[in-house]
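S.K.: Here it is: the structure, laid out below.
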Amino acid sequence: MSTAHAQAHSQSLASALDMLKQQTSHTGLLTYWLNSVIQVSKAVSVQCFLLKPEGTELIKTAKANPDGVDIETNPPTLSDTDYDADNALTLCLTERKRIQMRYSQCNGTLRHILFSPSERYTLKEGSILLLPLHTQDENSSVIGVLAIYQVEEMANSDIPTVQRLNEVALSKILQMRALSKAASAHFKIQQQSPPIPSDYGIVGESDAVKQVRLKISQALHINRNILVTGETGTGKELVAKAIQQSGSRRTQAFCIQNCASIPEHLLESELFGYHKGAFTGANKDYPGLLRAADKGTVFLDEIGDMPLQLQAKLLRVLEDKQVRPLGSTQSYPIDIRIIAATHQHLDKLINEGKFRHDLYYRLAQFPIALPNLKARNRDAVLLANYFIHAYAEEHQTPPAILTEEAECILLSYSFPGNVRELKNLVDRALIISQNSGAITPELFAYDLQNLPASCEDESHRTASQPIKEGNSFTAQVDDFERQLLTHFLSKYHGNLRAVAQALKLSKGSLDYRMRKFNLLAKDWRDRV
Ligand SMILES: Nc1ncnc2c1ncn2[C@@H]1O[C@H](COP(=O)(O)OP(=O)(O)OP(=O)(O)O)[C@@H](O)[C@H]1O
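Residue numbering for the sequence shown follows our numbering, starting at 1142 and increasing by one per position.
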């Protein structure tokens, strides 16, 4: 872009932003915003979807084309299934991800959501860009999606301009919402909620864990019951909490009940409540957990242990959407989402007549199966380092280093207790190590120490250098030295103290070599 052109461009952007800031009505704001986006992007169509202030329903608020902006007077609300069926909108909304694809790549559901039938006919090819709408404030969640359809892809240099327009428009929308009494209450709640981490606090880079994270993002904005299955310690409760904390019911009640830990009659009164006088000791009305969670979520852990009689009662509640406390003649309507979890194989329990298959289908509307740690043992090292860092943060000490031998043992062990066992193992080793700075196999329990320390993970071996005949001795040694440094920088995430210790180098000697190869520790620190 020439200097004169760049100046004209930034002047017109500045005046567009000014104009946006001056808008005082919702209609004026949407019109000016979408028009400006059309001008910058040369789009054929731009569609704006906003979540209701309660964060539960996504609404197509306005659409624009080069001839003008159309504010939806009777805005269609996208049902859960509409925008869940296609990952693109859900992903953009829940993970703050910019998504770009060819029109021909989007499935029928997304086409139907984004465009009316007549438009669909003309939009045969082109590019669709979905931009999440959120302010720069880390505490704010995404409040909508802007979908931009073009015949040609938008120039990369124009995307920041569109994002700047979005930011200003969004802050105006938030301002207008905050002015309305009902919305202001909601935003107070939102500002108090912690930021949503993009990995939902679920550590792991194996395909199986990535799949779990994807499932969580799909589950967030659908109003379906969820069944989380997996062996003990695989993170079922962690997943349930992630869905609750990031999903559309996050500002509502979250009640947890373990179905295995209490006797049947107590579980019954705890869940369904009771009327005063229903049994000896029932001195006053008790609403029960299901009613207490109205509009929110109930997490039923160890659902496989729920007695059959209570299963029947729970099924009735889910079907009728109302609950009748023990000893009461009155039923109370409830709107709850159930997240159930179990380490048991429910299909086996169904075959044995110990679990109702009709309840199973009600609960498993959206199943999430968690992998055991053995099936993804490369994550063990990642998780161990995660727990080491968490421990260091909690105790305000530098993070310890996991020696290569200790890593190999983690990679060889089968972890019947899964992530919980790994966490306990690491915590115990850290305590015994008394801040020595390193975790070695001797700090593990005796039966682990004696495991063959064979590293199955190829990425943890230092590959032997191919010998290139013709290259000078110095060049080949330099190559190897550089490779060695980058291997350990990557392994210890740029922690120079750890790298120096692992290579038995003095700090000065490591500094010298880093400079020699132009290596910067910070380039590895962000990759944790
Ligand atoms: N992928 C993960 N990333 C980080 N921490 C994890 C992960 N999976 C599990 N954990 C941690 O492991 C411990 C056990 O997890 P959790 O209690 O959720 O397992 P669970 O499957 O519900 O176990 P149980 O069936 O025995 O009740 C918790 O401290 C949890 O935070």
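A virtual CB, placed ideally from N, CA and C, is assigned to each residue, including glycine.
Could you check the C-alpha separation between Leu-1584 and Thr-1544 for me, to the nearest Å?
M.R.: Position 443 of the sequence shown, counted from the first residue, corresponds to residue 1584. Position 403 of the sequence shown, counted from the first residue, corresponds to residue 1544. Pairing Leu-1584 with Thr-1544, the inter-Cα distance amounts to about 11 Å.
S.K.: With DSSP as the reference, label Ile-1367 as helix, strand or coil.
M.R.: Along the sequence shown, read from residue 1 onward, the residue named residue 1367 stands at position 226. In this structure, Ile-1367 counts as strand in the three-state DSSP scheme.
S.K.: Helix, strand or coil for Asn-1659? Go by DSSP, reduced to three states.
M.R.: Position 518 of the sequence shown, counted from the start, is the residue given in the question as residue 1659. Coil at Asn-1659, not helix or strand.
S.K.: Keeping to the same chain, check which residues put their C-beta closer than 6 Å to that of Lys-1183; ignore five residues upstream and five downstream.
M.R.: Position 42 of the sequence shown, counting from 1, holds the residue named residue 1183. Around Lys-1183: no qualifying Cβ.
S.K.: Is any non-hydrogen atom of ligand 1 found closer than 7 Å to the C-beta of Ile-1343, if you look at the structure I gave you?
M.R.: Here residue 1343 refers to the residue found at position 202 when the sequence shown is read from its first residue. Yes, Cβ of Ile-1343 sits closer than 7 Å to a heavy atom of ligand 1.
S.K.: Give the secondary structure of Arg-1666 by DSSP, where H, G and I count as helix, E and B as strand, and everything else as coil.
M.R.: Position 525 of the sequence shown holds residue 1666. Looking at Arg-1666 - three-state DSSP - the assignment turns out to be helix.
S.K.: In the DSSP assignment, what are the bridge partners of Gln-1188?
M.R.: Position 47 of the sequence shown holds residue 1188. BP columns for Gln-1188 point to Lys-1204, Ala-1288.
S.K.: With a threshold of 16 other CB atoms inside 10 Å of the CB of Leu-1661, please say whether the residue is buried or exposed.
M.R.: Here residue 1661 is taken as the residue at index 520 of the sequence shown, counted from 1. Exposed: under 16 other Cβ atoms inside 10 Å.
S.K.: According to DSSP, is Ala-1155 helix, strand or coil?
M.R.: To locate residue 1155, count along the sequence shown from 1; it is residue 14. If DSSP states are grouped into helix, strand and coil, Ala-1155 belongs with the helices.
S.K.: With three or more C-beta pairs closer than 8 Å as the rule, is the region 1402-1414 touching the region 1513-1526?
M.R.: no
S.K.: Could you say which of Ala-1349, Gly-1169, Leu-1355, Arg-1390 lies nearest to Gly-1371 if we only look at CA atoms?
M.R.: On the sequence shown, residue 1371 is found 230 positions in, with the first residue counted as 1. When each option's Cα is compared against that of Gly-1371, the closest is Ala-1349.
S.K.: Taking the alpha-carbon positions, what's the Lys-1377 to Pro-1207 distance?
M.R.: Numbered from 1 along the sequence shown, position 236 holds the residue referred to as residue 1377. Numbered from 1 along the sequence shown, position 66 holds the residue referred to as residue 1207. Distance from the CA atom of Lys-1377 to the CA atom of Pro-1207, rounded to whole angstroms, is 49 Å.
S.K.: Residues in the same chain with beta-carbon distance under 6 Å from Cys-1189, minus the five sequence neighbours each way, listed in chain order, please.
M.R.: Indexing the sequence shown from 1 puts residue 1189 at position 48. Thr-1202, Ala-1203, Leu-1287.
S.K.: In chain order, what are the residue ranges of uninterrupted beta strand (DSSP E) at least 3 long that sit wholly in the region 1342-1428?
M.R.: 1367-1370, 1395-1399
S.K.: Quick check on DSSP: helix, strand or coil for Arg-1519?
M.R.: Looking up residue 1519 in the sequence shown gives position 378. DSSP places Arg-1519 in helix when its eight states are reduced to three.
S.K.: Can you tell me whether Arg-1497 is buried or exposed, with buried defined as 16 or more other CB within 10 angstroms of its CB?
M.R.: For the purposes of this step, residue 1497 is identified with residue 356 of the sequence shown, where counting begins at 1. With 16 or more Cβ atoms within 10 Å of its Cβ, Arg-1497 is classed as buried.
S.K.: Please name the residue in Asp-1446, Arg-1432, Glu-1198 whose C-alpha comes closest to that of Ala-1489.
M.R.: Here residue 1489 is taken as the residue at index 348 of the sequence shown, counted from 1. It should be noted that the sequence gives Lys, not Ala, for residue 1489. If we check each option's Cα against that of Lys-1489, Asp-1446 comes out closest.
S.K.: By Cβ distance, which residues of its chain are closer than 6 Å to Thr-1218, with the 5 residues on each side in sequence left out?
M.R.: Counting from one through the sequence shown, the residue named residue 1218 turns up at place 77. Cβ within range, chain order: Glu-1198, Ile-1200.
S.K.: Enumerate, from N- to C-terminal direction, the unbroken alpha helix (DSSP H) stretches of 4 or more residues contained entirely within the region 1530-1575.
M.R.: 1545-1553, 1559-1574
S.K.: Excluding the five sequence neighbours on either side, which residues of its own chain have a C-beta within less than 7 Å of the C-beta of Val-1567, listed in chain order?
M.R.: In the sequence shown, residue 1567 corresponds to position 426, counting from 1. The answer, listed in chain order, is Ala-1525, Phe-1528, Ile-1529.
S.K.: For Ser-1358, which of Gly-1342, Ser-1347, Glu-1266 has the nearest alpha-carbon?
M.R.: Against the sequence shown, residue 1358 aligns to sequence position 217. Selected option, being the one with the closest Cα: Gly-1342.
S.K.: Report whether the distance from the Cβ of Asp-1442 to the nearest heavy atom of ligand 1 is below 7 Å.
M.R.: Along the sequence shown, read from residue 1 onward, the residue named residue 1442 stands at position 301. For ligand 1, at least one heavy atom lies less than 7 Å from the Cβ of Asp-1442.
S.K.: Given a cut-off of 8 Å on the beta-carbon distance, is the pair Leu-1511 and Tyr-1554 in contact?
M.R.: Here residue 1511 corresponds to residue number 370 of the sequence shown, with the count starting at 1. Here residue 1554 corresponds to residue number 413 of the sequence shown, with the count starting at 1. Going by C-beta atoms, Leu-1511 is not nearer than 8 Å to Tyr-1554.
S.K.: Please report how far the alpha carbon of Val-1353 lies from the alpha carbon of Arg-1519, in whole angstroms.
M.R.: Along the sequence shown, read from residue 1 onward, the residue named residue 1353 stands at position 212. Along the sequence shown, read from residue 1 onward, the residue named residue 1519 stands at position 378. Between the alpha carbons of Val-1353 and Arg-1519 lies a gap of roughly 16 Å.
S.K.: Please check if any C-beta of chain C sits within less than 8 Å of the C-beta of Ser-1151.
M.R.: The question asks about chain C, but that chain is absent: this structure has only one protein chain.
S.K.: Is Leu-1379 near ligand 1 - that is, is its Cβ less than 7 Å away from at least one heavy atom of it?
M.R.: As a working mapping, residue 1379 is identified with position 238 in the sequence shown. Yes, Cβ of Leu-1379 sits closer than 7 Å to a heavy atom of ligand 1.
S.K.: Hey, Leu-1271 and Ile-1240: beta-carbon distance below 8 Å or not?
M.R.: In the sequence shown, counting from the first residue as 1, residue 1271 sits at position 130. In the sequence shown, counting from the first residue as 1, residue 1240 sits at position 99. Their beta carbons are under 8 Å apart, which means Leu-1271 touches Ile-1240 by this criterion.
S.K.: Under the DSSP definition of a beta bridge, which residues are partnered with Gly-1209?
M.R.: Numbered from its first residue, the sequence shown carries residue 1209 at position 68. Answer by DSSP bridge pairing, in chain order: Asn-1206.
S.K.: Which residues mark the beginning and the end of the alpha helix (DSSP H) in which Thr-1483 is found?
M.R.: Taking the sequence shown and counting its residues from 1, one reaches residue 1483 at position 342. That residue, Thr-1483, is in no alpha helix (DSSP H); its beta strand (DSSP E) goes 1478-1483.
S.K.: Are at least three pairs of beta-carbons, each pair with one atom in the region 1498-1506 and one in the region 1530-1541, less than 8 Å apart?
M.R.: no
S.K.: Taking the beta strand (DSSP E) that Gln-1642 falls in, what are its first and last residues?
M.R.: If you number the sequence shown from 1, residue 1642 lands on position 501. Counted as a single uninterrupted DSSP element, the stretch harbouring Gln-1642 is not any beta strand (DSSP E) but the alpha helix (DSSP H) occupying residues 1637-1644.
S.K.: Using CA atoms only, rank isn't needed, just tell me which of Ala-1155, Tyr-1290, Leu-1274, Arg-1237 is closest to Ile-1254.
M.R.: One-based indexing of the sequence shown puts residue 1254 at position 113. Taking only the C-alpha atoms, the option nearest Ile-1254 is Tyr-1290.
S.K.: Cα separation between Ser-1156 and Ile-1284?
M.R.: Sequence index remark: in the sequence shown, residue 1156 carries index 15 (1-based). Sequence index remark: in the sequence shown, residue 1284 carries index 143 (1-based). The alpha-carbon atoms of Ser-1156 and Ile-1284 are separated by roughly 25 Å.
S.K.: Starting from Thr-1438, follow its DSSP beta bridges and name the residues at the other end.
M.R.: Mapped onto the sequence shown, residue 1438 falls at position 297. Its beta-bridge partners are Phe-1395, Arg-1478.
S.K.: To the nearest angstrom, how far is it from the Cα of Arg-1391 to the Cα of His-1484?
M.R.: Counted from its first residue, the sequence shown places residue 1391 at position 250. Counted from its first residue, the sequence shown places residue 1484 at position 343. Their Cα atoms are separated by approximately 25 Å.
S.K.: Throw me the rounded Cβ distance for the Lys-1436 and Gln-1393 pair, which I believe falls under 8 Å.
M.R.: Locating residue 1436 in the sequence shown gives position 295, where the first residue counts as 1. Locating residue 1393 in the sequence shown gives position 252, where the first residue counts as 1. Lys-1436 to Gln-1393, Cβ: 5 Å. Contact.
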